[in-house]
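Contents: one structure, followed by commentary.
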Amino acid sequence: MSKDEFPGWHGTTIIGVKKDGEVVIAGDGQVSLGQTVIKGTARKVRRLSPGGFEVVAGFAGSTADAFALLERLEGKLESAPGQLARACVELAKDWRTDKYLQKLEAMLIVSDGSEIFVITGAGDVLEPEHNVTAIGSGGNYALAAARAMMDSDKSAEDIARAAMAIAADICVYTNGNLTVEKISR
Numbered sequence: 001m002s003k004d005e006f007p008g009w010h011g012t013t014i015i016g017v018k019k020d021g022e023v024v025i026a027g028d029g030q031v032s033l034g035q036t037v038i039k040g041t042a043r044k045v046r047r048l049s050p051g052g053f054e055v056v057a058g059f060a061g062s063t064a065d066a067f068a069l070l071e072r073l074e075g076k077l078e079s080a081p082g083q084l085a086r087a088c089v090e091l092a093k094d095w096r097t098d099k100y101l102q103k104l105e106a107m108l109i110v111s112d113g114s115e116i117f118v119i120t121g122a123g124d125v126l127e128p129e130h131n132v133t134a135i136g137s138g139g140n141y142a143l144a145a146a147r148a149m150m151d152s153d154k155s156a157e158d159i160a161r162a163a164m165a166i167a168a169d170i171c172v173y174t175n176g177n178l179t180v181e182k183i184s185r
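Sequential numbering of the sequence shown, starting at 1, is according to the UniProt record's numbering.
Written out as structure tokens, the structure reads:
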């Protein structure tokens with residue numbers, strides 16, 4: 001089977017919500033190959049603690065690629081402790097210019113509890129405009145749902161969970177088995 005014929009790994013939804021001094025990053029657990037669910041309990045949201053500086057990261061895309069990027073992000077954070085924005089920009093620059101890294105297929109949402117960023121292989125480091133961001137196959141569904149709830153009295157975690165439930169109901173590559181991490185500063 002050639003690369004073009006291979007059905008490819010699909011699916012995930014990761015959301016980041018910042019509200020009332022707290023950031024929540026949540027992700028579903030589904031990994032699909034073509035039309036088949038391979039695993040329903042994958043953990044795509046993780047805590048990193050490089051040099052004692054705590055960061056939460058969620059990833060969409062290839063797991064191996066995401067782990068390679070998370071390792072690099074940890075290295076950048078060790079070089080610039082407490083400077084998440086700087087570490088993200090340095091990672092994005094490397095990702096954009098390094099021939100090995102350019103082939104990685106993943107996206108990240110990262111937060112230190114005060115800032116939240118999306119990092120892409122196109123060299124983007126994006127800070128969400130409305131304190132909510134989402135990536136992955138169900139990302140647009142979760143983003144729309146979360147934005148609709150941001151003015152409610154719901155907490156960041158409640159918004160993230162409700163938005164993920166909506167995405168799981170709509171996107172066939174997203175399930176309701178969540179990993180949720182909170183961080184505040």
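Here a beta-carbon is modelled for each residue, glycine too, at the ideal position from N, C-alpha and C. In this text the structure is predicted, and so the values were computed from the model without any measurement.
Compute the Euclidean distance between the alpha carbons of residue i and residue j, then round it to the nearest angstrom.
i: Thr36; j: Leu91; result: 33 Å
i: Pro7; j: Ser32; result: Summary for Pro7: the model assigns pLDDT 48, below 50, so the residue's position carries little reliability, and this model does not support an answer.
i: Gly138; j: Ala167; result: 6 Å
i: Lys18; j: Tyr173; result: 25 Å
i: Gly176; j: Met150; result: 21 Å
i: Ala156; j: Glu22; result: 7 Å
i: residue 243; j: Arg86; result: Residue 243 falls outside the range modelled here, since the chain spans only 1 to 185, and no answer is possible.
i: Ala66; j: Ser152; result: 33 Å
i: Lys44; j: Asp158; result: 19 Å
i: Ile116; j: Glu127; result: 6 Å
i: Asn140; j: Ala134; result: 7 Å
i: Ile25; j: Leu143; result: 12 Å
i: Cys171; j: Lys99; result: 33 Å
i: Lys182; j: Glu54; result: 11 Å
i: Gly78; j: Glu71; result: It should be noted that the sequence gives Glu, not Gly, for residue 78. Taking the straight line joining both Cα atoms gives about 11 Å.
i: Gln83; j: Gly58; result: 18 Å
Quick check on residue i: does DSSP put it in helix, strand or coil?
i: Leu52; result: Reading the sequence as shown, one finds Gly at residue 52 and not Leu. Three-state DSSP puts Gly52 in a helix.
i: Met149; result: helix
i: Lys76; result: helix
i: Gly27; result: strand
i: Val172; result: coil
i: Ala106; result: strand
i: Thr97; result: helix
i: Leu178; result: coil
i: Gly61; result: strand
i: Arg46; result: strand
i: Gly138; result: coil
Taking the alpha-carbon of residue i as reference, which of the options has the nearest alpha-carbon?
i: Gly11; options: Thr63, Val55 and Ser155; result: Thr63
i: Ala106; options: Ile116, Asp124 and Asp112; result: Asp124
i: Ile119; options: Leu143, Met164, Cys88 and Gly113; result: Cys88
i: Val56; options: Lys39, Gly40 and Glu74; result: Glu74
i: Leu29; options: Lys103, Thr97 and Ala60; result: In the sequence under discussion, the amino acid at residue 29 is Gly, which differs from the Leu named in the question. Residue Ala60 is the option with its Cα nearest to Gly29.
Which residues share a DSSP beta bridge with residue i?
i: Ser111; result: Val56 and Ile116
i: Ala66; result: Ala66 is not bridged to any residue.
i: Gly16; result: Ile25 and Thr133
i: Ile183; result: Val23
i: Ile126; result: The sequence as given places Leu at residue 126; Ile does not occur at that position. DSSP lists Val118 as partners of Leu126.
Could you check if residue i belongs to the surroundings of the ligand ZN, using beta carbon to heavy atom distance under 6 Å?
i: Gly21; result: Among the components of this structure there are no ligands whatsoever, and the ligand ZN is therefore not found.
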